[in-house]
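Worksheet: one structure, shown below.
2 protein chains.
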Amino acid sequence: MENYVVALQKCPLFHGISEQNLSSILRCLGAKVSSYSKKETILAEGTPAKYVGVVLSGAVQIIQDDYFGNRNIVTFIGPSELFGESFACAGVSAIPVSAIASEPAETLLIDCQKITHPCSQGCEFHQQLIHNLLKVMAEKNLIFHQKIAITSKRTTREKLLAYLMLQAQKNHSNTFEIPYSRQELADYLEVERSGLSVVISKLAKEGILETRQKTFKLIKPLPYPTA
Amino acid sequence: MENYVVALQKCPLFHGISEQNLSSILRCLGAKVSSYSKKETILAEGTPAKYVGVVLSGAVQIIQDDYFGNRNIVTFIGPSELFGESFACAGVSAIPVSAIASEPAETLLIDCQKITHPCSQGCEFHQQLIHNLLKVMAEKNLIFHQKIAITSKRTTREKLLAYLMLQAQKNHSNTFEIPYSRQELADYLEVERSGLSVVISKLAKEGILETRQKTFKLIKPLPYPTA
DNA sequence: ACATGTATGTTGAATTTTCAACAGGAGAAT
DNA sequence: ATTCTCCTGTTGAAAATTCAACATACATGT
Chain A
211 MENYVVALQK CPLFHGISEQ NLSSILRCLG AKVSSYSKKE TILAEGTPAK YVGVVLSGAV
271 QIIQDDYFGN RNIVTFIGPS ELFGESFACA GVSAIPVSAI ASEPAETLLI DCQKITHPCS
331 QGCEFHQQLI HNLLKVMAEK NLIFHQKIAI TSKRTTREKL LAYLMLQAQK NHSNTFEIPY
391 SRQELADYLE VERSGLSVVI SKLAKEGILE TRQKTFKLIK PLPYPTA
Chain B
211 MENYVVALQK CPLFHGISEQ NLSSILRCLG AKVSSYSKKE TILAEGTPAK YVGVVLSGAV
271 QIIQDDYFGN RNIVTFIGPS ELFGESFACA GVSAIPVSAI ASEPAETLLI DCQKITHPCS
331 QGCEFHQQLI HNLLKVMAEK NLIFHQKIAI TSKRTTREKL LAYLMLQAQK NHSNTFEIPY
391 SRQELADYLE VERSGLSVVI SKLAKEGILE TRQKTFKLIK PLPYPTA
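The listed protein sequences derive, respectively, from chains A and B. In terms of this note's numbering, the first sequence opens at residue 211 and continues consecutively. In terms of this note's numbering, the second sequence opens at residue 211 and continues consecutively.
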């Protein structure tokens with residue numbers, strides 16, 4: 211178990227819980243450590259959503275087979291990251307995806323009810339766990355919402371500007387760094403990399419922005435003060 | 211307060227809580243009923259995210275001003291619906307949006323901490339409230355995730371097929387009804403209505419689907435080349 | 001039956017995006 | 001310095017989308 215402490219402490223579900231309390235909490239939660247070889251199924255499609263999973267080592271893929279039987283990778287989950295929590299908390303009776311080990315992996319599986327229902331001993335950490343779980347889901351929600359707000363714009367230009375304006379607001383500055391390379395930015399905006407490059411060049415020519423690598427500067431053509 | 215019972219009972223946050231318990235719970239939560247005239251601000255941008263709101267009557271808009279000062283409507287919130295819960299649960303120090311009454315409205319504002327932290331009297335309903343809150347956010351999460359999975363496809367055809375295949379899976383049938391008109395479907399898929407019509411006609415000609423109004427039937431041909 | 005309004009399908013032109021291919025630059029390794 | 005690789009910008013052609021406008025179908029109410 212000692213090997214997992216590092217991964218668990220980085221896991222947002224256990225944030226604020228000290229190392230010495232960890233093992234008693236895990237016992238209280240009935241958490242199970244399991245090992246999987248590559249391609250092995252961790253949670254199978256069609257089964258009830260019961261478990262919240264934490265990747266301890268290796269990596270997990272969430273996959274979904276479509277109507278014609280084509281297998282699609284929905285997400286990669288790395289060490290310390292959670293999976294399955296939305297299905298478990300929403301209480302879906304049959305999960306529409308499978309979780310498989312994309313490489314040899316170890317996971318912690320926790321019955322979600324054990325988190326959301328306080329234990330008989332009135333364990334004081336449930337409070338913290340519930341708070342953490344709420345926070346994780348709320349943050350994901352905000353991230354998703356933001357992404358949808360941006361990618362629902364119809365043109366590359368609009369998507370890019372919506373994204374950049376948001377970054378400028380967050381940084382309280384018209385000069386800021388983004389965490390993406392061009393290819394990653396294109397992926398995030400759901401457009402073609404080369405098309406994105408064209409648009410960036412065009413905006414630069416129009417004097418609307420300046421950029422070098424991951425640094426962007428928005429030049430305001432409107433008389434509004436910098437936020 | 212009696213006037214609000216209907217709206218509150220439809221609110222997912224209070225699901226499973228009987229009418230006779232409602233008022234004591236609201237007292238325990240320190241819930242405040244407020245009335246707003248049209249355009250009045252309910253929650254102001256830049257303020258700490260503290261409150262979960264429930265619309266009792268009227269309607270609320272979530273608006274966000276972009277970098278250039280343009281006001282964008284993010285969402286409409288109708289009676290019995292929640293707002294602000296993601297910001298409150300994520301604990302953001304300054305909300306990036308404002309909530310305003312788009313028409314005369316009444317809302318219930320609850321300090322989110324009061325929900326997530328059990329009251330001193332060990333009120334038995336906190337359990338239920340927390341469960342409900344988790345469920346609301348988890349369901350939103352799944353809805354967002356699904357929408358992103360669909361709209362991240364690059365062509366209208368791929369988006370439409372991704373959406374329809376998912377509906378077929380959900381209904382365990384290749385014939386099913388969708389909840390959207392053509393215009394609404396186009397909005398959901400984030401494409402042009404007329405373009406969507408063209409694609410639907412084309413798919414019908416190719417013998418891949420049949421449709422009449424909101425009823426669709428997927429005919430299983432060779433799997434179409436994906437991505 | 002008729003008029004009306006709304007929803008949907010169709011069309012063609014303009015715009016935008018994708019796609020493939022290539023060119024230049026920065027950095028790393030040798 | 002040289003080579004190599006990765007990243008980014010550019011280009012032109014093909015494909016897809018948007019946009020405006022119109023045609024048709026369907027439902028509703030009179």
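Cβ atoms here follow ideal geometry from the backbone N, Cα and C, with glycine treated the same way.
Check	Outcome
Once the 5 residues before and after N282/B are set aside, which same chain residues still bring their CB inside 7 Å of it?	I273, Q274, D276
Taking C-beta pairs closer than 8 Å, name the residues in chain A that T361/B reaches, listed in chain order.	I358, T361, S362, E400
Suppose you measure from the CA of E291/A to the CA of C299/A; what does that come to, to the nearest Å?	16 Å
Please classify H336/B as buried or exposed, where buried requires at least 16 other C-beta atoms within 10 Å of its C-beta.	buried
What residue range is occupied by the uninterrupted alpha helix (DSSP H) comprising R422/B?	Segment 419 to 422 is the beta strand (DSSP E) holding R422/B; no alpha helix (DSSP H) there.
Skipping 5 residues on each side, what residues in its chain have a beta carbon closer than 6 Å to that of C322/A?	V262, A298
Exposed or buried, V346/A, counting other C-beta atoms within 10 Å across all chains shown (16 or more means buried)?	buried
Any beta-carbon of chain A closer than 8 Å to the one on Y438/B?	Residue 438/B lies beyond the stretch modelled for chain B, which goes from 211 to 437, so this question has no answer here.
Is DSSP giving I429/A helix, strand or coil here?	coil
In the DSSP assignment, the alpha helix (DSSP H) including N351/A goes from what residue to what residue?	335 to 361
Taking just the CA atoms, how far does P289/A sit from I320/A?	16 Å
Is there a C-beta anywhere in chain B that falls below 8 Å from the one on Y277/A?	yes
Report the three-state DSSP secondary structure of D321/B (helix, strand or coil).	strand
Where does T326/A fall in DSSP's three states?	helix
At the 8 Å Cβ level, is A304/B part of the contact set with chain A, yes or no?	no
If you draw a straight line from the C-alpha of P314/A to the C-alpha of L318/B, how long is it?	50 Å
Any Cβ of chain A within less than 8 Å of the Cβ of F386/B?	no
Cβ atoms of N381/B and L428/B: under 8 Å apart, would you say?	no
What is the rounded straight-line gap between the Cα of L344/B and the Cα of F354/B?	15 Å
Evaluate V408/A with the Cβ neighbour count: other Cβ atoms within 10 Å of its Cβ, from every protein chain shown; 16 or more gives buried, anything less gives exposed.	exposed
The beta strand (DSSP E) spanning T385/B covers which residue range?	385 to 387
Alpha helix (DSSP H) containing T366/A: first to last residue?	366 to 381
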